[in-house]
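*Asks:* Just so you know, we're using full-length UniProt numbering here: the sequence shown kicks off at 1 and counts up by one.
C-beta: ideal position from N, C-alpha, C; glycine also.
None of the values given here were measured: they were computed from a predicted structure.
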Amino acid sequence: MNQFNQFGQPVGKAMGDWQPRPHPDRIDLKGHYCTLTPLRPEHADALFAAYQQAEDTRSWTWLLREPDANAQDFAAWVESVSELSDPIHFTVIDNQTKLPVGTLALMRIDAKNGVIEVGHVHFSPLLSGTPMSTEAQYLLMRHVFTTLGYRRYEWKCNSLNEPSRRAAQRLGFQYEGRFRQALVIKGHNRDTDWFSIIDSEWQKVESAFQNWLAADNFTADGKQIRSLENWRESRR
Numbered sequence: 001m002n003q004f005n006q007f008g009q010p011v012g013k014a015m016g017d018w019q020p021r022p023h024p025d026r027i028d029l030k031g032h033y034c035t036l037t038p039l040r041p042e043h044a045d046a047l048f049a050a051y052q053q054a055e056d057t058r059s060w061t062w063l064l065r066e067p068d069a070n071a072q073d074f075a076a077w078v079e080s081v082s083e084l085s086d087p088i089h090f091t092v093i094d095n096q097t098k099l100p101v102g103t104l105a106l107m108r109i110d111a112k113n114g115v116i117e118v119g120h121v122h123f124s125p126l127l128s129g130t131p132m133s134t135e136a137q138y139l140l141m142r143h144v145f146t147t148l149g150y151r152r153y154e155w156k157c158n159s160l161n162e163p164s165r166r167a168a169q170r171l172g173f174q175y176e177g178r179f180r181q182a183l184v185i186k187g188h189n190r191d192t193d194w195f196s197i198i199d200s201e202w203q204k205v206e207s208a209f210q211n212w213l214a215a216d217n218f219t220a221d222g223k224q225i226r227s228l229e230n231w232r233e234s235r236r
């Protein structure tokens, strides 16, 4: 609810007890299907091999980088980003095989205002479309809201990247709008679509994740019984 100053102007909800949030640490986040661990150079070879299982390079189209020509080039990139404090890249480790199967990152970290973005999402065929991929997103989101106490969690993507737009909405992000001509990427214009989840929405979003990831939400052959969106809608 908006409040008003001495001139009768709306100035927004008072945040008198607000304190800047901690900067995320480089820690492991363990789930049932997967574990998120900070990206390290020793992950490079297995990650490159996982990405090589794709039939083509379409998963690179929307990334800021072009595909690496070989494992050595990919390892050099991993080395260059593995110690950054923003973005903080995480490797998704399959708990069954103990192998890296994809990466994602926390980025544009604004601890003063409690705002953070998930990005650099690159899932291999071993991860995409699996319960593990949903759990990976949930583990990072839970860390941001429940452990670190951030107020806002952002997702941004190329407006033409329909799979990313669908993924954001499936995961519970709300569409906020389009920043036209925001970037030039790989020689092409990029309009950027913005999505977010805020802290007041987190309880419902988290409950849906927990219900969807539960063992009894899947058939014996691994098919979901109720969708993530359905679980979230049932909380209204």
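Let me check understanding here. Comparing Cα to Cα, which of Leu64, Tyr138 and Trp194 lies closest to Thr35?
*Replies:* Answer by Cα proximity: Tyr138.
*Asks:* What residues in its chain sit with their C-beta under 6 angstroms from that of Ser159, if we drop five residues either side in the sequence?
*Replies:* Excluding sequence neighbours, Ser159 sits near Arg178, Asp191 and Asp193.
*Asks:* Can you tell me which residues form a DSSP beta bridge with Val118?
*Replies:* Its beta-bridge partners are Leu106 and Trp155.
*Asks:* Going by beta-carbon coordinates alone, are Leu126 and Gln53 separated by less than 9 angstroms?
*Replies:* Yes, they are a contact pair.
*Asks:* Counting only runs of 4+ residues fully inside the UniProt domain "N-acetyltransferase" (34 to 191), write out the alpha helix (DSSP H) ranges in chain order.
*Replies:* Correct list: 44 to 51, 71 to 81, 131 to 142 and 162 to 171.
*Asks:* Report yes if the CB atom of Asp199 is closer than 9 angstroms to the CB atom of Tyr150, and no otherwise.
*Replies:* The answer is yes: Cβ separation under 9 angstroms.
*Asks:* Between Ser164 and the rest of its own chain, which residues show a CB-CB distance below 6 angstroms, the 5 nearest in sequence each way excluded?
*Replies:* Within the same chain, Ser164 has close Cβ partners Cys157.
*Asks:* Could you compute how far the alpha carbon of Ser196 sits from the alpha carbon of His122?
*Replies:* Answer to the nearest angstrom: the Cα atoms are 19 angstroms apart.
*Asks:* Three or more beta-carbon pairs under 8 angstroms between the segment 224 to 232 and the segment 202 to 211, yes or no?
*Replies:* The answer is yes - the segment 202 to 211 touches the segment 224 to 232, with three or more Cβ pairs under 8 angstroms.
*Asks:* Grab me the residues of Arg40's own chain with a C-beta within less than 6 angstroms of its C-beta, minus the 5 sequence neighbours each way, in chain order.
*Replies:* Same-chain partners within the cutoff: Ser82.
*Asks:* Opposite Trp202 in the DSSP bridges: which residues?
*Replies:* DSSP output for Trp202 lists no bridge partner at all.
*Asks:* Locate the alpha helix (DSSP H) running through Asn230, then write down its first and last residues.
*Replies:* Counting along the chain, the alpha helix (DSSP H) containing Asn230 begins and ends at Leu228 to Glu233.
*Asks:* Is it true that the CB of Ala168 sits closer than 9 angstroms to the CB of Pro20?
*Replies:* No, these two residues do not count as a Cβ contact at 9 angstroms.
*Asks:* Kindly indicate which residue of Ser80, Glu176 and Leu64 has the alpha-carbon position closest to the one of Val184.
*Replies:* Here the closest residue by C-alpha is Leu64.
*Asks:* When you compare each of Met15, Phe7, Thr37 and Gln3 to His143 by their alpha carbons, which one comes out closest?
*Replies:* The residue with the shortest Cα to Cα distance from His143 is Thr37.
*Asks:* In the structure shown, what three-state DSSP assignment does Phe209 receive?
*Replies:* Correct three-state label for Phe209: helix.
*Asks:* Going by the CB atoms, is the gap between Gln174 and Glu201 shorter than 9 angstroms?
*Replies:* A contact, by the Cβ cut-off of 9 angstroms.
*Asks:* For Leu84, is the classification buried or exposed, using 16 other Cβ atoms within 10 angstroms of its Cβ as the cut-off for buried?
*Replies:* By the 10 Å Cβ count, Leu84 comes out exposed.
*Asks:* To the nearest angstrom, how far is the alpha carbon of Arg232 from that of Arg170?
*Replies:* Whole-angstrom Cα-Cα distance: 10 angstroms.
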